[in-house]
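If you count by the numbering used here, then the sequence shown holds residues 3 to 445, one letter each, in order. By construction, the Cβ of each residue, glycine as well, lies at the ideal position given by its N, Cα and C atoms.
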Amino acid sequence: MYKRIGIIVFLFLSLLNVSAQKKLNFIEVDTISYQLFQQQKWQELIDYSVLSRKQGIDFFFLQARTGIAFFNLGKYRTASEWFLKAYKMDSQYDWLQEYVYYSLVYSGRKAEAMKLANNFSSDMKSEIGFKKSKILRVALEGGYSFNPDFDQLIALDLGGKVNVNDDYGEAFFLEYYHFESFDLSHQIVPGFSLNHNLTYLQSTLEQTVDWGTKTTFPAKTNQFQYFINPHFILGQKIHLSPALSVLWGNTSYLAGTLDNNSNRVFTEVDNNFSDYIFSASVWSHFGNLSPGAEVNFANIYDESFTQLSAWVTFYPLSNANFYITPRVYFKSDSKNSLSYNTFGISAGAQLGKVHLNGQYLIGDMESFIEAAGYVVSNIPGKSDHKFTGSIYVPINKNGQLIFRYINQNVEEKYRVYESGIESNSINYKFTKHTFTGGISWSF
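And the structure:
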């Protein structure tokens, strides 16, 4: 009896609740949403649009007004989604074209904005300075890296620790290096651009040889890198970006040999090298998330390997003022099958006019590749952590100064050779510090 009464009461209350929810209609939604739009009550407009869509009412102007509400709240990524929906329904309005364009630009998606702008009206193209092909960016950057542990390392008796005796023990201790880099990006047609980079690096090392007695020599490495990176936009927001990095140069050092009289002598060796990295990455945007993946095929120090990575960038403020990107890396080579090797996390923030960016990597970084082969850790040895901090300071509308600091630990080997074959080794570690500065110009 009581159970039946309870069911009847529940059904009665449910009917009262349903009847209390006023059924909206198209004319009412259009009128009220327009009033909220005129009154600039952006959050109320957003809440009301949610309510109307729950009742199956949605149309062009409601989508546009919703986008404008999010835009005025600074949530450009969410705004762009609504503008794109409205633009798909009717693309003729200049005011909507302008909103679409700037919501994408302020979301960090300028390449997509430029592709869409190809179909804008002549007046809007003129207003935003649209050009089918143009230079996008030019940049110069230089850096200096040094090893503060250098003096301590060359003073170590590594040969004694491994009992080198009459065998041949050798190590190359990094003292410092400097590099200079030039970047150029240009748009071929809307939705297709090319990025180029040419970098020169020179490193100075101290070669230590234990062969009867301890002897030290200066050694140098000269390295060039050319990087080319096409960037395609497929459809509205699928990004495809293959890349090729070619590295070449030479290393000069002294090698111990026996002369005809079996005397120990050292002769200069000039060793040429060449490495390459082919990469392909794909990513897209879904609201406040931007997932992506990359594959790299490389040959560094005559060792071939494959590296895969995947990431997702999260924009919690729905704009480019703050973002965070976790990224995981996998690697396989001739000795090991594909397995996890590194985890990275990066984040960026806009503080006034200054933009800050930081990245931390932890894992097994040996011949490690970052950013489509653009940054290549082809230093001898390996690393298990690396921190990079960058500051971008605008100097006018188009230019900005760039400052970076990189802290990376390095583990290398002191090697012992017997009859020219490595027979023993001992690891040593140091931390290298890198400071860079540059200027970039966007067009």
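In the three-state DSSP reduction, Tyr95 falls in the coil class, being neither helix nor strand.
With three or more CB-CB distances shorter than 8 angstroms, the segment 215–231 counts as touching the segment 241–256.
Restricted to the segment 309–361, the beta strand (DSSP E) segments that are unbroken, complete and at least 3 residues in length are 324–335, 341–353, listed in chain order.
Here Glu413 really is in contact with Ser385; their C-beta atoms are around 7 angstroms apart, less than 8 angstroms. Per the Cβ contact rule, the segment 144–159 is not in contact with the segment 113–121 (fewer than 3 Cβ pairs under 8 angstroms). For the segment 159–191, the continuous beta strand (DSSP E) assignments of 3+ residues that do not extend past its boundaries occur at 170–191, in sequence order. Assignment of beta-bridge partners to Pro150 by DSSP yields no partner. Taken in chain order, the whole alpha helix (DSSP H) runs of length 4 or more contained in the segment 77–123 are 78–91, 96–107, 112–119. Nearest neighbour of Gly289 by Cα position, chosen from Phe181, Gly422, Leu319, turns out to be Leu319. For Glu368, the CB contacts under 7 angstroms within the same chain, skipping 5 residues up- and downstream, are Lys384 in chain order. The Cβ-Cβ distance between Phe148 and Lys431 does not fall below 8 angstroms. In the assembly as shown, Ile240 is an exposed residue. Its beta-carbon has fewer than 16 other beta-carbons within 10 Å.
Each of Leu236, Asp185, Asn74, Gln204 was checked against the Cα of Val191, and the nearest Cα belongs to Leu236. Note on Gln37: under 16 other CB atoms within 10 angstroms of its CB, so exposed under the neighbour-count rule. In the DSSP assignment, Phe62 falls outside any beta strand (DSSP E) and lies within the alpha helix (DSSP H) extending over 62–74. Three or more beta-carbon pairs drawn from the segment 201–220 and the segment 176–189 are found closer than 8 angstroms, and the two stretches are therefore classed as touching. Residue environment analysis places Asn338 among the exposed positions, since fewer than 16 neighbouring C-beta atoms fall within 10 angstroms of its C-beta.
For Tyr36, the three-state secondary structure derived from DSSP is helix.
Per DSSP, the continuous alpha helix (DSSP H) segment holding Lys56 begins and ends at 44–56.
When the beta-carbon positions are compared, Leu106 and Gln189 stay at least 8 angstroms from each other. The C-beta separation of Ala312 from Val330 comes to about 6 angstroms, placing the pair in contact by the 8 angstroms criterion.
Of the other Cβ atoms in all chains shown, 16 or more fall within 10 Å of the Cβ of Phe85; this residue is therefore buried. Contact check for Ser281 against Val267 fails: the beta carbons are separated by 8 angstroms or more. For Asp304, no beta strand (DSSP E) run applies, since DSSP gives it neither H nor E.
Sixteen is the threshold: since fewer than 16 other Cβ atoms of the shown chains lie within 10 Å of the Cβ of Met91, the residue is exposed.
Contact between the segment 162–175 and the segment 127–143 is absent: fewer than 3 CB-CB pairs across the two stretches fall below 8 angstroms. For the options Ser123, Ser187, Lys77, the alpha carbon positioned closest to that of Ser444 is the one of Ser187. Going by DSSP, Glu368 is part of no beta strand (DSSP E) at all; its letter is neither H nor E. For Asp277, the enclosing beta strand (DSSP E) has its first and last residue at 266–285.
In the displayed model, Phe28 falls within a helix according to three-state DSSP. One thing to note: Ser283 has its Cβ within 8 angstroms of the Cβ of Ala295.
In this structure, the straight-line span from the alpha carbon of Leu242 to that of Phe152 is close to 43 angstroms. Take Ile326, set aside five residues on each side of it, and the residues of its chain with a beta-carbon closer than 6 angstroms to its own are Phe316, Ala349, in chain order. Under the three-state reduction of DSSP output, Lys239 falls in the coil class, being neither helix nor strand.
In terms of CA proximity to Ser135, Leu196 leads the group Trp213, Gln99, Leu196, Thr68. Under the three-state reduction of DSSP, Ser444 is assigned to strand.
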